[in-house]
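**Student:** Line order of the protein sequences matches chains A and B.
Residue numbering for the first sequence follows the numbering used here, beginning at 12 and increasing consecutively.
Residue numbering for the second sequence follows the numbering used here, beginning at 12 and increasing consecutively.
There are 2 protein chains.
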Amino acid sequence: MTEPTAELEEASNGADVRPGVPVMATKEQLDSVKYGADGLVVAIVQEASTLEVLMVAYMDEEALRRTCESGRTWFYSRSRKEYWLKGETSGERQYVHEISYDCDGDALLIIIDQEGQGACHTGNHSCFYRKFGQE
Amino acid sequence: MTEPTAELEEASNGADVRPGVPVMATKEQLDSVKYGADGLVVAIVQEASTLEVLMVAYMDEEALRRTCESGRTWFYSRSRKEYWLKGETSGERQYVHEISYDCDGDALLIIIDQEGQGACHTGNHSCFYRKFGQE
């Protein structure tokens with residue numbers, strides 16, 4: 012039997028990754044987003060089906076642009092100082108339903124469908140898996 | 012008819028304000044919260060009954076202590092550089108159900124009951140009342 016070629020493997024992996032639906036933000040809406048002194052805005056990620064808050068991360072203007080364009084969540088890592096496409100290596104991809112911005116324009120709410128096990132690198136569905144007062 | 016005395020008015024106003032239920036965080040849990048260089052941690056406020064994300068604000072260690080102690084949301088205003096008890100003047104009080112912290116400890120999720128019209132100073136129920144792509 013013939014070994015699958017690199018091209019075939021790539022095609023096969025690629026086939027698993029369905030494309031996101033772009034978010035059509037107007038220039039005025041994008042201009043309403045206020046970035047902090049570090050160039051970042053906080054992004055709350057909420058699951059569409061459960062309304063569970065899954066994680067909080069940060070975007071700069073470029074990460075927000077990539078998120079709108081691809082329909083998947085791109086963030087900017089403050090510690091690693093690089094862009095990351097959520098789920099690119101883990102498979103825990105997030106597909107964007109809608110993006111809202113708050114009254115001050117200094118926070119984003121990203122409603123998504125979560126693929127895979129969850130949003131958290133610990134394996135938990137939500138990063139907020141620890142409550143005060145629970146032991 | 013006798014004018015109500017200042018004391019009576021105060022008592023009557025005070026009677027409207029039911030006390031919150033304190034959140035019993037352990038020292039270990041409180042120590043897990045990581046504050047930024049500015050001494051602040053981001054707090055996502057989510058409504059218990061609807062799971063709607065209502066607002067995002069910031070707490071320092073003292074604001075979190077007051078929140079846990081009173082069972083109502085205290086924040087630190089970055090612009091005004093002061094503590095504020097949500098709803099103290101507007102009546103839009105928030106009563107805390109539970110507080111979670113994320114895997115990194117650098118974000119809080121506060122589940123609350125919202126009193127009054129909503130969380131937003133614009134009169135909207137949520138501060139996230141504007142969506143990208145909606146005109």
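Cβ atoms here follow ideal geometry from the backbone N, Cα and C, with glycine treated the same way.
It should be emphasised that the depicted structure is a prediction, and the values quoted were computed from it without experimental measurement.
1) Using a C-beta cutoff of 8 angstroms, does residue 139/B count as contacting chain A?
2) So what does residue 105/B bridge to, in DSSP terms?
3) Could you tell me whether the Cβ of residue 55/A comes closer than 8 angstroms to any Cβ of chain B?
4) Would you verify that the beta carbon of residue 14/A is, or is not, closer than 8 angstroms to some beta carbon of chain B?
5) Reducing DSSP to helix, strand and coil, say where residue 75/B ends up.
6) DSSP three-state call for residue 99/B: helix, strand or coil?
7) Run the CB neighbour count on residue 144/A, radius 10 Å, all protein chains shown included, and call it buried at 16 or more, exposed below.
8) Between the stretch 53-69 of chain A and the stretch 106-123 of chain A, do three or more beta carbon pairs fall short of 8 angstroms?
9) In the DSSP assignment, what are the bridge partners of residue 83/B?
10) Please name the residue, chosen from 77/B, 36/B, 45/B, that lies closest to residue 30/B on a Cα-to-Cα basis.
11) Tell me the DSSP secondary structure of residue 63/B in three-state form.
12) Quickly, what does DSSP pair residue 68/B with across the bridge? List them, please.
13) Could you tell me the alpha carbon to alpha carbon distance between residue 139/B and residue 94/B, rounded to whole angstroms?
**Tutor:** According to the structure data:
1) yes
2) 125/B
3) yes
4) For residue 14/A, the predicted structure reports a pLDDT of 41, less than 50, and the residue's modelled location is therefore unreliable. A value from the coordinates is still provided. Contact of residue 14/A with chain B is not assigned, every C-beta pair being separated by 8 angstroms or more.
5) The three-state reading of DSSP puts residue 75/B in helix, counting H, G and I together.
6) coil
7) exposed
8) yes
9) 106/B
10) 77/B
11) In the three-state DSSP reduction, residue 63/B falls in the coil class, being neither helix nor strand.
12) Note: residue 68/B sits in a beta bridge opposite 54/B.
13) 23 angstroms
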